[in-house]
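Structure, as C-alpha cells:
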Amino acid sequence: MEIDAPPADGHNGVVTTATGGPVPPAEPDPLWRHPWVVRLSQVVRRLRRADRARPWVLDTLVVLGAIALFCVPDLLRGTDPRELAGVFTRLPMWGLIALQAGLVLPLFVRRRAPMTAFVLTAAAFTVQWSLLVFLRADVALLIALYSLTLHSSLRRLLWACAITLAVFTLAVVRVSAVAAVAEIAFFLISAMTAAIALGLVVRIRRSQLAGLRDRAARLEIERDQRALLAVAGERARVAREMHDILGHNLSVIIRLADGGAYAARVNPERTVQALELIGETGRDALNDLRRTLGALRDEPAVPELSPQPGIADLDALCARIRTAGPRVSYRTAGEFPADRGLQLAVYRIVQEALTNALKHAGPETDVQVSLEVVHEQLRIQVEDSGPLGVPPVTDAEAGQGLIGMRERAALYGGVVLAGPARTGGWRVQTELDLTPISQRTS
C-alpha cells in the first residue's frame, strides 16, 4: 500500500497566512454583484431613461399587456359551464369587449391622471358585477389602485380604498349564493392590501432616492460655492497684497524721483543715489509681486523661495522710507510672537501707514513707529507730524489702504483706529489680540 507523503512545507496541504494561521475562506460576492443582477439593473436603468423620454410607450405596453394576459383569454375561452348553469351571465361578444375596454383602457392614463383611471375602472367593475359577469380583466382595478397609491395624494388614496371596499362588497354579495363569502372577501381584501402595500413601498423608495439625489445635488452646489468663496478669498488676498506692495513702493519711487529731479539741479551726486534707490525699490516690488502671484501660475515652475516679510524687516522698511525724505523713528517693546501670518499682517499695516504718511504728509515730516506687547495685546502706532500748512488726510481719503489694514487686523481679532493727532498730523493705532482663538471669549 502506498502512502502519500505530506507536502514539503510541512503544513499538510493547508494554506496558511504569514502568521501561521489558516487562510479564511473567501467571502462570496454580495447578491447585488451577481452578473445577472447587474445586467438586470442596467436594463432597468435603460427602461427608466426611455420612459422619461417617451412616457406614453410604457403606458401603451401596460394596456397591451393587460389585453394579452386577461382580455384575450376571456374572448377565447368559449362558453363557461357556470354560464350554462346560470351562475354567471352570458354576454355577447360585443358586450364582453365593451366591459373589457372599460376595465383596461383607463390604464393608459394611470400615471398622468391616476384618480380618473381608477374611477373609470371602478365604474366598469361595478357594471360588470352588477350584471354578474366573470372576467379576468378585473385585475385592472388592482393595477389602477396601485398606480393611484404611487402617484396620488393620501387623501385620494383613502377615497379609493372606500370605493374599492364598496365594489368588492358588491362582488361578494353577487356571488354569495354560489361561493363561500369569507374566502372571497379574504381574497379580495388581501389583493387590495397587496396592491396598496406595493404602491407605498415603491413610493417610499422613490422618495428616498429623490431625497438622496437632492442631497447630492445640494452637496455639489455647496462644494462649488465653497470653491468660489475660496477663489474669491484668494483674489481678495492677492488684491490686498498687490495694493500694499504697489502702493508703498510706487509712493517711495515717486518721492525719490521728485527728490532726484531737484538734486539734479542742486547736487548732481545725489541724483545717482536717488536713481540707485529707485532701482532697488523697483526690484523689491517686482520680487514681492512674483512671490504673491506665483501661486496663480498654471505651469509647474519652481518659484524662487523667500520668506514673507515680518517684524524683523520693519527696520529695513523704515530705512527705505527715510531715503525718500521723512524722518522715521522706530521702537519696539515686549516679546513678539513667531506666527508668520501675524508678523506679515503687522508688516503690511505699518507699511500702509508709512505709505500714507509719505503720500499725504510729504517728505518733510516726522514719523514715529512703535510696537509693543502688553497683556496679550500687540499695539501698533504710526503717527506723523503732518505737512506744514496742509490739513491732515481724512478717513475717506485713505481709500482702500485703510480698508485693507482693518481687514488684516480683523483676522487677528483686532481693530484699527485712524484719525487726526494732537500734533496736527495723522495717527494710526492698531491692537491685535494675541490670545489663542480657543481661549477668546465673545
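Every number in this note's numbering is 142 more than the matching position in the sequence shown, counting from 1.
We put the CB at the ideal spot given by N, CA and C, even for glycine.
Since we're looking at a predicted model, the values are computed, not measured.
**DSSP three-state assignment for Arg469, whether helix, strand or coil** = In the displayed model, Arg469 falls within a strand according to three-state DSSP.
**Limits of the unbroken beta strand (DSSP E) element including Ala560** = Segment Val557 to Pro562, the beta strand (DSSP E) holding Ala560.
**Prompt:** Ile453 to Ile387, Cα distance in whole Å?
**Reply:** Straight-line spacing of the CA atoms in Ile453 and Ile387 works out to 16 Å.
**Message:** So within the stretch 497-525, which uninterrupted beta strand (DSSP E) runs reach at least 3 residues, ignoring any that extend past its ends?
**Reply:** 508-516
**Request:** Output the boundary residues of the beta strand (DSSP E) element that contains Asp575.
**Result:** Trp568 to Asp575
**Request:** Specify the secondary structure class of Ala475 as computed by DSSP and reduced to three states.
**Result:** Looking at Ala475 - three-state DSSP - the assignment turns out to be strand.
**Candidates Asp455, Ala495 and Arg490: closest to Pro468 by CA position** = If you compare the alpha carbons of Asp455, Ala495 and Arg490 with that of Pro468, the shortest gap goes to Ala495.
**Asked** Taking Gln242 as the reference, which of Arg232, Met257, Asp216 and Ala259 has the closest Cα?
**Response** Asp216
**Request:** With a 10 Å radius around its C-beta and 16 neighbouring C-beta atoms as the bar for buried, classify Leu544 as buried or exposed.
**Result:** buried
**Prompt:** With contact counted as at least three CB pairs below 8 Å, one residue from each stretch, are the stretch 305-314 and the stretch 257-277 in contact?
**Reply:** yes
**Alpha carbon of Trp301 to alpha carbon of Arg355, nearest angstrom** = 32 Å
**Request:** Would you kindly work out how many angstroms separate the C-alpha atoms of Thr263 and Trp236, rounded to a whole number?
**Result:** 18 Å
**Prompt:** If we ignore side chains and look at the alpha-carbon of each, how far apart do Thr572 and Ala381 end up?
**Reply:** Computed Cα separation, rounded: 21 Å.
**Asked** Can you tell me the Cα-Cα spacing of Ile209 and Ala313, whole angstroms?
**Response** 22 Å
**Prompt:** Any heavy atom of the ligand PLP closer than 7 Å to the Cβ of Ile209?
**Reply:** This structure simply doesn't include the ligand PLP, nor any ligand for that matter.
**Request:** Taking all protein chains shown into account, decide if Pro445 is buried (16 or more other Cβ within 10 angstroms of its Cβ) or exposed.
**Result:** With a pLDDT of 49 at Pro445, under the threshold of 50, the modelled position of this residue cannot be trusted, and the question is left open.
**First and last residue of the uninterrupted alpha helix (DSSP H) at Gly528** = Here Gly528 belongs to no alpha helix (DSSP H), and DSSP marks it neither H nor E.
**Prompt:** How about Gly528 and Gly476: do their beta carbons lie closer than 8 Å?
**Reply:** For Gly528 and Gly476, no; Cβs fall outside 8 Å.
**Request:** Determine the direct distance from the alpha carbon of Ile363 to that of Val394, and round the result to whole angstroms.
**Result:** 46 Å
**Prompt:** Are there three or more Cβ pairs, one per stretch, closer than 8 Å when the stretch 282-289 is compared with the stretch 327-347?
**Reply:** yes
**Message:** Tell me the rounded alpha-carbon separation between Arg377 and Arg347.
**Reply:** 45 Å
**Request:** Can you give me the Cβ contacts of His293 inside the same chain, cut-off strictly under 7 Å, excluding the 5 residues immediately before and after it?
**Result:** Excluding residues within five positions, the ones whose Cβ falls inside 7 Å are Arg253 and Pro256.
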